[in-house]
Amino acid sequence: MRPKRHPGHHRSNLAFSAPCSRPPAYIRSTMLNRIKSLLFRAPFDAAAYSASATPEAAVVEIATFASGCFWGTQHIFLKHFPPTPAPGKGILRTTVGYTGGNPLVKNPDYKTVCSGATDHAEAVRIEFDPRVIGYAELVEFFYRSHDPTTLNKQGPDTGTQYRSAIFTNSLEQMEIAERVTKEVQAKRFTPKNRKIATELTSAGEWWDAETYHQLYLFKKPGGYQCPTHRLHW
């Protein structure tokens, strides 16, 4: 039996989760990419993708997005909005983790989330300076960098932990997210007879993912990356 939902996290579209697993073709492709990366990779410099300290003059806001496997979500945001060299492009720091799940479950781990039993989503928490980049631009990029029309699924990854979701941290963010969603739907998907399935809800409790998940694709550039994590326009 699935756990009861918290009243503050209503969602109209539901599906049962599947364990974190990859189809054989994707596993083979990932293995080949990993071999290539080991042969040709440059030393990983974590400082290039995470600010060592928030600038004293920075104004910090939080954006929280889920768009499938969080390795790829974090990777594509940082590739296009690197924090360094200063002042960067507005993103100050990112963290992958779990949110939107059963509030009775505290500090869930990756295996538990992948079981689908807790209803948490794999997500990315972005600290950004709104004077450099606006929340609306981040929301538009979120839609641009995955497929928001598939319910509880990105590429071969299936389950509610891979759902497309925006977790807003203020009433203003919710209003912006709703507006941008309508704009993207009208411009990008209505002409294709497709409908955005992204969940828009208030942010709840956040749990950082395990250390090895942080900046995963920067540390392991040949690792698995969901094929929907690319620029779609």
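Here the working numbering is used: the first residue of the sequence shown is -8, the next is one more, and so on. Every residue, glycine too, gets a C-beta built ideally from N, C-alpha and C.
Residue i in three-state terms, based on DSSP
{"i": "S43", "result": "Residue placement at S43 cannot be trusted, given a pLDDT of 45 that sits under 50; the coordinates are not used to answer."}
{"i": "K186", "result": "coil"}
{"i": "A168", "result": "helix"}
{"i": "W62", "result": "helix"}
{"i": "F56", "result": "strand"}
{"i": "L222", "result": "coil"}
{"i": "L208", "result": "helix"}
Cβ-Cβ separation, residue j to residue i (assumed contact under 8 angstroms), whole Å
{"i": "A54", "j": "L129", "result": "5 angstroms"}
{"i": "Q145", "j": "G59", "result": "3 angstroms"}
{"i": "E52", "j": "P121", "result": "5 angstroms"}
{"i": "S136", "j": "I67", "result": "5 angstroms"}
{"i": "E169", "j": "L191", "result": "6 angstroms"}
{"i": "I124", "j": "F158", "result": "In fact, because the Cβ distance is near 18 angstroms, the residues do not count as touching under 8 angstroms."}
{"i": "G108", "j": "T90", "result": "Inspection of the sequence shows that residue 108 is occupied by Ala rather than by Gly. Rounded, the Cβ-Cβ distance is 16 angstroms, inconsistent with contact."}
Which listed residue (the options) has its alpha carbon closest to that of residue i
{"i": "F56", "options": "F133, L222 and K70", "result": "F133"}
{"i": "R84", "options": "R116, A156 and I124", "result": "R116"}
{"i": "V175", "options": "R154, H223, Y215 and V123", "result": "H223"}
{"i": "T172", "options": "G81, K211, Y126 and F209", "result": "Y126"}
{"i": "T181", "options": "S193, I167, T219 and T140", "result": "T140"}
{"i": "P94", "options": "K210, W197 and Q216", "result": "W197"}
{"i": "S161", "options": "T103, A108 and G195", "result": "G195"}
{"i": "H138", "options": "G91, E169, A188 and Y207", "result": "First, the residue type needs correcting, since residue 138 is Asp and not His in the sequence shown. For D138, the nearest C-alpha among the options comes from A188."}
{"i": "Q216", "options": "E131, W62 and A49", "result": "W62"}
{"i": "G88", "options": "Y101, L69 and P73", "result": "Y101"}
{"i": "D199", "options": "G81, T75 and V104", "result": "V104"}
{"i": "G79", "options": "E118, N143, G92 and K210", "result": "E118"}
Exposure of residue i, with buried meaning 16 or more beta-carbon neighbours within 10 Å
{"i": "D110", "result": "buried"}
{"i": "E163", "result": "exposed"}
{"i": "T149", "result": "buried"}
{"i": "Q205", "result": "buried"}
{"i": "A177", "result": "exposed"}
{"i": "Y153", "result": "buried"}
{"i": "T219", "result": "buried"}
{"i": "A49", "result": "buried"}
{"i": "T86", "result": "buried"}
{"i": "T75", "result": "exposed"}
{"i": "N4", "result": "Here N4 scores only 39 on pLDDT, less than 50, and its place in the model should not be relied on; the value that follows carries that caveat. By the 10 Å Cβ count, N4 comes out exposed."}
{"i": "N98", "result": "exposed"}
{"i": "Y207", "result": "buried"}
{"i": "N184", "result": "exposed"}
Heavy atom of the ligand SAM within 7 angstroms of residue i beta-carbon
{"i": "V130", "result": "The ligand SAM is absent from the structure shown, which contains no ligands of any kind."}
**Asked** Fully enclosed by the stretch 76 to 163, which alpha helix (DSSP H) runs are 4 residues long or longer?
**Response** Within the stretch 76 to 163, complete alpha helix (DSSP H) segments of at least 4 residues are found at 101 to 105 and 126 to 135, given in chain order.
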